[in-house]
Each structure stands twice: as structure tokens, then as C-alpha cells.
Amino acid sequence: MPGLAGRDKSELVRLMRDFRDGRRPATIMRQLARGYTDAEIEAAAAYFAAQKTP
Amino acid sequence: MTRGRRDFLRAASVAVAGALVSRPIRAAKTASVIVVGGGFAGATAAKYLGKWSAGALRVTLVERASAFVSCPLSNLVLGGMKEIAELTFPYDGLDRWGVRRITGEATAIDPVARTLKLAGGETLRYDRLILSPGMDFDWDAIPSLKDPPAREKILHAWKAGPQTVALRRQLEAMPDGGVFAMHVPLAPYRCPPAPYERACLVAQYFAARKKRSKVIVLDANEDVQAEKALFLAAWNGAYKGYVEYRPNSGLTDVDVAALTAKLDFEDVRADVLNVIPPQRAGAIARSSGMANANGRFCQVDFLTYESTAQPNIHILGDAIQPASLMPRSGHMANQQAKVCAAAVAALLTGGEVNRLPVLTSACYSYLSEREVAHIASVHRYDPATRTMSVVPGSGGASPAANAEEAAYAAAWAENIWADTLT
Chain A
318 MPGLAGRDKS ELVRLMRDFR DGRRPATIMR QLARGYTDAE IEAAAAYFAA QKTP
Chain B
1132 MTRGRRDFLR AASVAVAGAL VSRPIRAAKT ASVIVVGGGF AGATAAKYLG KWSAGALRVT
1192 LVERASAFVS CPLSNLVLGG MKEIAELTFP YDGLDRWGVR RITGEATAID PVARTLKLAG
1252 GETLRYDRLI LSPGMDFDWD AIPSLKDPPA REKILHAWKA GPQTVALRRQ LEAMPDGGVF
1312 AMHVPLAPYR CPPAPYERAC LVAQYFAARK KRSKVIVLDA NEDVQAEKAL FLAAWNGAYK
1372 GYVEYRPNSG LTDVDVAALT AKLDFEDVRA DVLNVIPPQR AGAIARSSGM ANANGRFCQV
1432 DFLTYESTAQ PNIHILGDAI QPASLMPRSG HMANQQAKVC AAAVAALLTG GEVNRLPVLT
1492 SACYSYLSER EVAHIASVHR YDPATRTMSV VPGSGGASPA ANAEEAAYAA AWAENIWADT
1552 LT
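Chain order of the listed sequences is A and B.
Just so we're aligned, residue 318 is where the first sequence starts under this note's numbering, counting upward by one.
Just so we're aligned, residue 1132 is where the second sequence starts under this note's numbering, counting upward by one.
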């Protein structure tokens, strides 16, 4: 399972939008990504990007 | 970390605490939050209160068990695919967040004096109290199981732990050709898909080891309560001949000696009888008028999880009356706890309470040891109705159980255990 800590923020935002808009195949992530606003996706991506890799 | 190093750190933190006694002004100003119950909701709340308040609050967790046992994945123990030890975790991972832990039982609340009484006689004072006692079984609904020794013979295994292990022993001891009958109570109950997952994993065990045996699901509900298409596909496919599903099978009582489920119009004899009883909020959350949803569950403000009946008391997890379509799941309990922890920290330290909380829930069901399906949802606060609503277009279920999601389910479990307990 790939970790999210320290990943580039814009990469994470793009991944979430791709999940949400159906451009990236997924099991659960499309269904979850469609629950969040752009601002929330930005905030979550900024949080994960700021975490240190364990 | 080695034991020696941990002991040294513990000794060092005691020394620091001792040093603080000489500065009583700070101690007197530190607000106190007590969390009762260390399941997914309570442990998460205690952790995040400690983490986010960074020492500005005194956080105490009262839990009667010395270790956490995960209900998610515990049906795998019944199928013989996991050991309970793999689902059992210590609480000492919360220590680094400054959570003071008390192994004991909370027995009574005085909401006016803001005190909590423990079984040992000790009384603790709180500024805010968070109750996450989970659910209690309503034994009055099954008269013959009001007698505690009867419950050692007819097991529920609906709280993971010794009951899970004991039910596995019963299944192992059952001769081939036997019947495992399980009763599902009327909704709402903890974890909607879990009874059907249990039927699948016991059927997988029978198909591998006891081919003449059968699972009979006696469901009080009129239909499968979650992921119906997936469970029916398994019962009519891989488990054909191993699972018989009977809807509208409300239980009126059991015959303990004869291992018989008594339904309205028939009796069903079993070799192993598993009765999941109807459920209600844990007793302490039903005290002081807090079970104000049909006397069974507790209504809360979804911005703070504060009881609508008692100020300064917050309630989480399976004890609350959830909003429509909010499942009683471990994931949901963990999510509610974070919203509550942030709100309680804000209320006690002069911060802002988030006006638009969002919760997610993911629930993975094992149709077999290696084939898993999920059901997911996203819930957002609606200021107009002051409740949580599913975000339109979000959520859904797997089209079919598959091996890819078995890997995701295992990762989900590792992540939520770590998020809740460390």
C-alpha cells in the first residue's frame, strides 16, 4: 500500500480529482472522493504533503 | 523500544509530573476531560484530545478491559482464518499523547456536580465527559437468556474477545453433518453487514472441513440488511448448499438445553446456536435521561456530539441515535470521535467549533478469506436540518467481491488500528 506522507501536494490533489471525475480506476476512492469539495481536497492534500515519511 | 528505555521514560515523566506539583496555578487552570470506554470511538477521542490540546487539557480514559480487541476482522476468527491475538492490541500506545489511563468500570454520573464514579469507589471530576460505552444487549427480549449461565452455552460473539474464541471452539467441536444456526436481530444493530459476513466465513470453513454441515441464518429482518446482492451471490454460488437464508424469522425465545431457536411459527434445532441479541446504548449512556431516542439510544448535536439531554456530556459510537444512513461501524465511531475531540478541545480552550464536519465510513466484508467487498459513504453536516446527510453521488458498494479488495481491507484494518490506538 503506497503511503501518502510527504507526497507532493499538487500530485495528491490531481489524484483525488482523477478519482472523483472517474479518470482513474478505483474500487473505493471514486465513491469517497465524490464526497469532498475542491477546498477540502486541497486541505487534505496539504496535510498529507506536510507529514514526515515514517 | 526496549523495555528498559520505556521504563526510563516512564520514570522520567513521573519526575516531570512531580515537578509540576510545585506550580499549582497551571494545574488548577487545566480543564479535565474524561472518556469512558476504549473502543474505536473512545480510544480515538482520547488520543486526539491529547494530541490536539498538546497539554492544555487533562485527558483520562476509563476502560474496564486491559486490551483492545477489534470487532472488525473477528469473523475471520470464527472461520479459523485468524487468531484473536492478531486482533488484540495494548492501550499503552495512547501514553505518548499524554492520556492518563484507568483500568476500571464507570458506574454513575452526577451531571450537576460533574463527577464520575468508578466501581472501586473513586470519584473523578470533569469539565466535559465523553461517553463511548458501545451497546448493551437487551436480554429481556430473549427470556431464557436472562440467566447468565445460559449465555455461556448460547453465545453472541458480537463483542470480540472470549465469546469469539468460545464460538470458534463450538464450531470446531461440532460433528460434520451439524447445523450452525445464527439469529440476526431487527435493525438497528452493530455493523449491518457483519452477520452475513459471519455466515459466509463459517460456510467457507464447512466447505473446506465439514462438507455435510450447514449454516442457517434466521434473520428477524425482512431482508439482508447490507450488500444484499453480494451476499446472495455467494450463498447461491460458492456456498450453494451450505447457507440457508430465512428472512422474517423473529426470535421469541430459545430452549437452552435443546439448542433450539423458537420462532413465531416453528422451532429450529441447531448443533451450534448463535444468538445476536437486540441492542441499546450502554447502561451509563442510558442514565440521566440521555437515552432520549425511544429510551434506547442517545440523541446528540452532530457538531459536538454533546447529548441533547445533558450539557457537558458527549456521546459517541454505537450508543448514539445516528443520522439516517450513518452505519454503526468502527470507522464511523473513529470519525465521530475526531469531530467530537476537536469540538471539545475548542469549547474548553476558547477555539472555534467546525460548523461543517464531514464523516466517511468504509466497511469491508469478507465473503471468503480472499474475496472482499466494501460499502462506503460520505456524510456532511446540513445546517438547515442540523443533521448529517449523505453527500449526493458519493458512496457505494463493490460490484463483486474480489482479491484486490482483500489487500485493501487488510490495509484499512492496520490503518484504523494505528489511528485509533497509537
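No residue lacks a Cβ here, since even glycine has one placed at the ideal position from N, Cα and C.
Min CB distance residue i to chain A below 9 Å
| i | result |
| --- | --- |
| B/V1200 | no |
| B/S1508 | yes |
| B/Y1539 | yes |
| B/A1515 | no |
| B/A1542 | yes |
| B/E1536 | yes |
| B/G1461 | no |
| B/R1486 | no |
| B/R1427 | no |
| B/R1511 | yes |
Buried/exposed call for residue i, threshold 16 Cβ in 10 Å
| i | result |
| --- | --- |
| A/F336 | buried |
| A/Q368 | exposed |
| B/R1300 | exposed |
| B/A1388 | exposed |
| B/F1396 | exposed |
| B/A1339 | exposed |
| B/E1545 | exposed |
| B/I1156 | Residue confidence is low: B/I1156 scores 41 on pLDDT, short of 50, so the model does not pin down where it sits. No coordinate-derived value is stated. |
| A/M318 | exposed |
| B/D1449 | buried |
| B/E1328 | buried |
| B/A1297 | exposed |
| B/A1131 | In the structure as shown, chain B begins at 1132 and stops at 1553. Residue 1131 of chain B is therefore absent and cannot be evaluated. |
| B/R1154 | Only weak support is given to the placement of B/R1154: the predicted model assigns it a pLDDT of 39, under 50, and the value that follows is read from those uncertain coordinates. B/R1154 is exposed by the Cβ-count criterion. |
Under 9 Å between C-beta atoms of residue i and residue j
| i | j | result |
| --- | --- | --- |
| B/P1242 | B/I1444 | yes |
| B/H1314 | B/I1407 | yes |
| B/P1326 | B/D1350 | yes |
| B/G1524 | A/R324 | no |
| B/A1507 | B/S1492 | yes |
| B/V1346 | B/V1310 | yes |
| B/Y1257 | B/L1552 | no |
| B/L1317 | B/N1405 | no |
| B/L1382 | B/A1272 | yes |
| B/A1538 | B/L1498 | no |
Within chain B, partners of residue i - CB distance below 7 Å
| i | result |
| --- | --- |
| A/E359 | None at all; the shortest Cβ gap to chain B is about 14 Å. |
Below-9 Å beta-carbon distance, residue i vs any chain B residue
| i | result |
| --- | --- |
| A/Q348 | yes |
| A/T344 | yes |
| A/M333 | no |
7 Å Cβ cut-off: residues of chain A touching residue i
| i | result |
| --- | --- |
| B/G1524 | R351 |
| B/G1527 | Q348 |
| B/A1476 | Going along chain A, no residue has its Cβ under 7 Å from B/A1476, so there is no contact; the nearest lies around 17 Å. |
| B/T1491 | L349, G352 |
For residue i: DSSP bridge partner residues
| i | result |
| --- | --- |
| B/S1492 | B/S1508 |
| B/S1438 | B/V1431 |
| B/H1314 | B/L1349, B/V1406 |
| B/N1533 | B/V1503 |
| B/V1556 | There is no way to answer for residue 1556 of chain B, as the model of chain B reaches only from 1132 to 1553. |
| B/K1393 | B/D1384, B/D1398 |
| B/H1445 | B/I1261, B/E1437 |
| B/A1424 | B/F1428 |
Chain-ordered chain A contacts of residue i [CB-CB under 8 Å]
| i | result |
| --- | --- |
| B/H1505 | T344, I345 |
Neighbour flag for residue i against chain C, beta carbons, 9 Å
| i | result |
| --- | --- |
| B/R1231 | In summary, chain C is missing from the structure at hand, where the protein chains are A and B. |
Closer than 8 Å: residue i CB and nearest the ligand GDP heavy atom
| i | result |
| --- | --- |
| A/A322 | Ligands displayed in this structure: none; no statement on the ligand GDP is therefore possible. |
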